[in-house]
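Residue numbers (my numbering), protein chains in the order written: chain A, 1471 to 1863; chain B, 1471 to 1863. Using N, Cα and C, we set each Cβ at its ideal position, and we do this for glycine too. Here is the structure we will look at, set down as structure tokens.
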């Protein structure tokens, strides 16, 4: 069994945004049917499903059989449906289980469905549910929220001279510029650095335009063992080169972080390094987190994230475009769907189907999805590496 | 890759019952450490974790990273932790993911942790959370509860002459008799058929003493690739012969049910049939469901469940003892832990460590765990087949 034994044969999304009239079933239906159509298969071809949702129990009251309830809606029954949850990394965690199921020989064609509906009657319910991405026994003793944790981390980096406030504004401008080109994005307006810095403070130094927000949406992926589904003529092949996960710990800030641990495993599995990556989607729940990801994923040396950003190399058209979709902060962060939206974007990029936001002939793509937190460190991290097999003409 | 590539090397439980002073962490800690001690390994030997919990989001407010929060409590960090949910079949679903992870080559030693705390401040919150094991869009239109669905199914079987009220009482008496021998059981008192029938009506013909109830508890399993962990001297080897899952559909009552579909796959994978099974733990959320399971698992012909029960062959000491632990209805049904409690019991039985409830030299054991419901059919079913490798002396 090699690591080149699984292909991404279909991807699909429901646009991210605010869809108060749509149910979880409505959102999921669009994403799943888009992915199945993209793969050129029907619901009866699906041999197993992994469902990803993070907040349906607390926000919609639909716990326990979230996948069964939305998948039956499109006629998928009888096959094994497994409900997977890992906070903001739920989607990539579910994808990894699908890949493992194929590698284990348990199925040849697997659908991964991620769906989330965060806009509900009362915003405070959504904020309460988000708190459960941390260990409640600890959070209830500190009052800390995600944004505060990010804010403190960034203040430390600014104090150390590693980042500037301008870097934080610039990366947000880049995210919004990319999101403006993405029809699936929640925010599709360009912003200026001045607008970013002048927007409402959230947790100093973070401002409103740096942060992802409440979001509805869905994304779906079909993975398959090569050769099982008829290849669509003219369609470039997207293979999984690595699928790795790691979970959180109480960080002292001295040891390698969770993303570094997970990325090292992924590079080892893929047999390549950060210099080989041509395009990446990284976990920027707050736009400046992209800068931290540059370093943790090895795209630059520690302390050089600001310089890498300023060089333009991570913009569309640069050497290693990051978050061409707009990322979590602009495409949006419908929690259970996010990891699959990243992979959808990368599949489109590798196939050359990303329209206005297409990067230049990428061959290797990396998706980085983190979730939850445990006192200064993420609770879960997943890194996937994808490869386009055919050469670009 | 054969299907004999995974062993159950450790099992452990926290007793099921009412533990109002214990947190989810407290319950999980006992079960996991018992399983690790049983396997003869330490927390640093665990390479991946699958966590099973069904109601923590709605009852404890701990959604999203349930596994990370309780596993960190025993010092398990950095390795991949995946949170799995499938209503009452959550535990067996998580076990199946662990088995697939080993078969896929992603890990050699995997811990599966199931934990549930259903006793909370207000019983109505627990009942509300249980409703989410069905599709809320449907339930909210019918007002049906689990017990009512079981009740209607049993009434139909009684009307058809397949079962009698005496059968329902007798199977409950058997469950309680077994549970009385199990130190991990929630209910440890023998009852008479008269007491069962005279107890409070729940959903005709079901009475209180036929039903599982609100329960706290935890169970854990360690699975491993053979040869990776030093074999404990004198300890019989328990191998996984089959691990199958299927998910629900809207039943017309005409086609094979979910358990039948899943059991057929499991027998095929194991290369054996129902006559080869020496001991079984089946999903009796209501004790009489055990009778339905006899038929769906092939232990007897359709219509013969009452006769099989009356023959004594499914009692401890019979040809094919079923639910020697007391089953869900007497050992208890701490939802996320149930599937793993079943496998713990079967491992003890296969090793000859079940003390007063030990069945006679079993070689093949079957665990049947169902979860949720979709209009007349379960939403999830898992069947595992285990084998003792060494002959009995």
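Give the list of continuous alpha helix (DSSP H) stretches no shorter than 4 residues that lie fully inside the region 1750-1796 of chain A.
1759-1766 and 1775-1780
TODO: Take every Cβ of the region 1760-1767 of chain A, pair it with every Cβ of the region 1631-1644 of chain A, and state whether three or more of those distances are shorter than 8 angstroms.
DONE: yes
Note to self: According to DSSP, is residue 1552 of chain A part of a helix, a strand, or is it coil?
What the structure shows: Translated into the one-based positions of the first chain, residue 1552 of chain A becomes position 82. In this structure, residue 1552 of chain A counts as strand in the three-state DSSP scheme.
- Item | Collapsed DSSP secondary structure at residue 1585 of chain B in the structure displayed | Taking the second chain and counting its residues from 1, one reaches residue 1585 of chain B at position 115. Strand.
DSSP three-state assignment for residue 1565 of chain A, whether helix, strand or coil: The count along the first chain starts at 1 and reaches residue 1565 of chain A at position 95. Looking at residue 1565 of chain A - three-state DSSP - the assignment turns out to be helix.
Check: Going straight from the alpha carbon of residue 1475 of chain A to that of residue 1830 of chain B, what length do you get?
Finding: On the first chain, position 5 is the one that residue 1475 of chain A refers to. On the second chain, position 360 is the one that residue 1830 of chain B refers to. Going by the C-alpha atoms only, they are around 45 angstroms apart.
Residues of its chain near residue 1753 of chain A, where Cβ-Cβ distance is below 6 angstroms and the 5 sequence neighbours each way are ignored: Locating residue 1753 of chain A in the first chain gives position 283, where the first residue counts as 1. Answer for residue 1753 of chain A: 1838, 1839 and 1840, listed in chain order.
Check: Distance, Cα to Cα, residue 1641 of chain B vs residue 1534 of chain A?
Finding: The residue you call residue 1641 of chain B lines up with position 171 of the second chain. The residue you call residue 1534 of chain A lines up with position 64 of the first chain. C-alpha separation (whole angstroms): 28 angstroms.
In chain order, what residues of the same chain have a beta carbon less than 6 angstroms from the beta carbon of residue 1817 of chain B, not counting five sequence neighbours either side?
For the purposes of this step, residue 1817 of chain B is taken as residue 347 along the second chain, with counting starting at 1. Excluding residues within five positions, the ones whose Cβ falls inside 6 angstroms are 1478, 1481 and 1708.
Rounded to a whole number of angstroms, what is the C-alpha to C-alpha distance between residue 1849 of chain A and residue 1603 of chain A? In the first chain, residue 1849 of chain A corresponds to position 379, counting from 1. In the first chain, residue 1603 of chain A corresponds to position 133, counting from 1. If you take the alpha carbons of residue 1849 of chain A and residue 1603 of chain A, they lie about 8 angstroms apart.
Just to confirm the assignment, what range does the beta strand (DSSP E) spanning residue 1687 of chain B have? Position 217 of the second chain, counted from the first residue, corresponds to residue 1687 of chain B. First-last of the beta strand (DSSP E) with residue 1687 of chain B: 1686-1694.
- CA nearest to the CA of residue 1578 of chain A, picked from A:1732, A:1730, A:1567 and A:1616: The residue you call residue 1578 of chain A lines up with position 108 of the first chain. Among A:1732, A:1730, A:1567 and A:1616, the Cα nearest to that of residue 1578 of chain A belongs to A:1567.
* Beta-carbon of residue 1823 of chain B versus every beta-carbon of chain A: anything under 7 angstroms? -> Residue numbering aside, residue 1823 of chain B sits at position 353 when the second chain is read from its first letter. Not closer than 7 angstroms to any Cβ of chain A, the Cβ of residue 1823 of chain B fails to qualify, so no.
| task | Could you check what DSSP says for residue 1534 of chain A in three-state terms: helix, strand or coil? | result | Looking up residue 1534 of chain A in the first chain gives position 64. Of the three classes helix, strand and coil, the one that applies to residue 1534 of chain A here is coil, per DSSP.
query = From which residue to which residue does the alpha helix (DSSP H) around residue 1862 of chain A run?
reply = Counting from one through the first chain, the residue named residue 1862 of chain A turns up at place 392. Taken as a continuous stretch (DSSP letters only), residue 1862 of chain A belongs to no alpha helix (DSSP H), as it is neither H nor E.
Check: CB residue 1678 of chain A to CB residue 1669 of chain A, shorter than 7 angstroms?
Finding: Here residue 1678 of chain A corresponds to residue number 208 of the first chain, with the count starting at 1. Here residue 1669 of chain A corresponds to residue number 199 of the first chain, with the count starting at 1. Cβ atoms of residue 1678 of chain A and residue 1669 of chain A: closer than 7 angstroms.
- Query: At what residues does the beta strand (DSSP E) containing residue 1714 of chain B begin and finish?
  - Reply: Working through the second chain from its first residue, we reach residue 1714 of chain B at position 244. Where residue 1714 of chain B is concerned, the enclosing beta strand (DSSP E) stretches over 1708-1717.
Check: By a C-beta neighbour count over all protein chains shown, 10 Å radius and 16 as the cutoff for buried, is residue 1671 of chain B buried or exposed?
Finding: Position 201 of the second chain holds residue 1671 of chain B. That one is exposed.
Going by DSSP, what residue range makes up the alpha helix (DSSP H) through residue 1500 of chain B?
As a position in the second chain, residue 1500 of chain B is number 30, starting the count at 1. 1494-1509 is the span of the alpha helix (DSSP H), which, as asked, contains residue 1500 of chain B.
Per-residue DSSP class, three states only, for residue 1485 of chain A: Locating residue 1485 of chain A in the first chain gives position 15, counting from the first residue. Strand at residue 1485 of chain A.
Inset, instruction - Would you check if the distance between the CB atom of residue 1663 of chain B and the CB atom of residue 1639 of chain B is smaller than 7 angstroms? - result: As a first step, residue 1663 of chain B must be located in the second chain, where it is residue number 193. As a first step, residue 1639 of chain B must be located in the second chain, where it is residue number 169. In this structure, residue 1639 of chain B lies closer than 7 angstroms to residue 1663 of chain B by Cβ.
query = Relative to chain B, which residues along the region 1660-1686 of chain A have a C-beta separation below 7 angstroms, given in chain order?
reply = none
Tell me the DSSP bridge mates of residue 1439 of chain B?
As shown, chain B starts at 1471 and ends at 1863. That puts residue 1439 of chain B outside it, with no answer to give.
Does any CB atom of chain B fall closer than 7 angstroms to the CB of residue 1697 of chain A? Your numbering for residue 1697 of chain A matches position 227 in the first chain. Not closer than 7 angstroms to any Cβ of chain B, the Cβ of residue 1697 of chain A fails to qualify, so no.
If residue 1540 of chain B sits next to residue 1495 of chain B, beta carbons under 8 angstroms apart, how far is it from one beta carbon to the other, in whole angstroms? Stepping through the second chain from its first residue, residue 1540 of chain B is reached at position 70. Stepping through the second chain from its first residue, residue 1495 of chain B is reached at position 25. That pair is a contact at about 5 angstroms.
If you measure from the beta carbon of residue 1605 of chain B to each beta carbon in chain A, is any gap under 7 angstroms? Here residue 1605 of chain B refers to the residue found at position 135 when the second chain is read from its first residue. It does: the Cβ of residue 1605 of chain B has a partner Cβ on chain A nearer than 7 angstroms.
request  = Give the interface partners of residue 1844 of chain B over in chain A, defined as CB-CB distance under 9 angstroms, in chain order.
outcome  = Stepping through the second chain from its first residue, residue 1844 of chain B is reached at position 374. Ordered by position in chain A, the residues that pass the 9 angstroms Cβ test against residue 1844 of chain B are 1535, 1538, 1539, 1542 and 1547.
- Per DSSP, what kind of secondary structure is residue 1858 of chain B in: helix, strand or coil? Translated into the one-based positions of the second chain, residue 1858 of chain B becomes position 388. Here residue 1858 of chain B sits in strand by DSSP.
> Nearest to residue 1737 of chain A by CA position, among A:1712, A:1545, A:1814 and A:1589, is which residue?
Replying inline: To locate residue 1737 of chain A, count along the first chain from 1; it is residue 267. Residue A:1712 is the option with its Cα nearest to residue 1737 of chain A.
- Task: Rounded to whole angstroms, what's the CA-CA distance from residue 1809 of chain A to residue 1771 of chain B? Just pull it up for me.
- Result: In the first chain, the residue the question calls residue 1809 of chain A occupies position 339. In the second chain, the residue the question calls residue 1771 of chain B occupies position 301. Taking the straight line from one Cα to the other gives about 47 angstroms.
**OP:** Look at the Cβ atom of residue 1522 of chain B, then the Cβ atom of residue 1560 of chain B, and state whether they are nearer than 7 angstroms.
**Re:** By one-based count along the second chain, residue 1522 of chain B stands at place 52. By one-based count along the second chain, residue 1560 of chain B stands at place 90. Against a cut-off of 7 angstroms, the Cβ pair of residue 1560 of chain B and residue 1522 of chain B comes out as a contact.
When you check each C-beta in the region 1754-1781 of chain B against every C-beta of chain A, which residues fall closer than 9 angstroms? none
**OP:** Evaluate the contact criterion for the region 1794-1810 of chain A versus the region 1775-1783 of chain A: three or more CB pairs, one atom per stretch, below 8 angstroms.
**Re:** no
message: Using only CA atoms, which one of A:1556, A:1582, A:1828 and A:1513 lies nearest to residue 1688 of chain A?
response: Position 218 of the first chain, counted from the start, is the residue given in the question as residue 1688 of chain A. Nearest C-alpha to residue 1688 of chain A: A:1582.
How about residue 1691 of chain B: is its C-beta nearer than 7 angstroms to some C-beta of chain A? In the second chain, the residue the question calls residue 1691 of chain B occupies position 221. So no, residue 1691 of chain B is outside the interface.
According to DSSP, is residue 1652 of chain B part of a helix, a strand, or is it coil? Indexing the second chain from 1 puts residue 1652 of chain B at position 182. Here residue 1652 of chain B sits in coil by DSSP.
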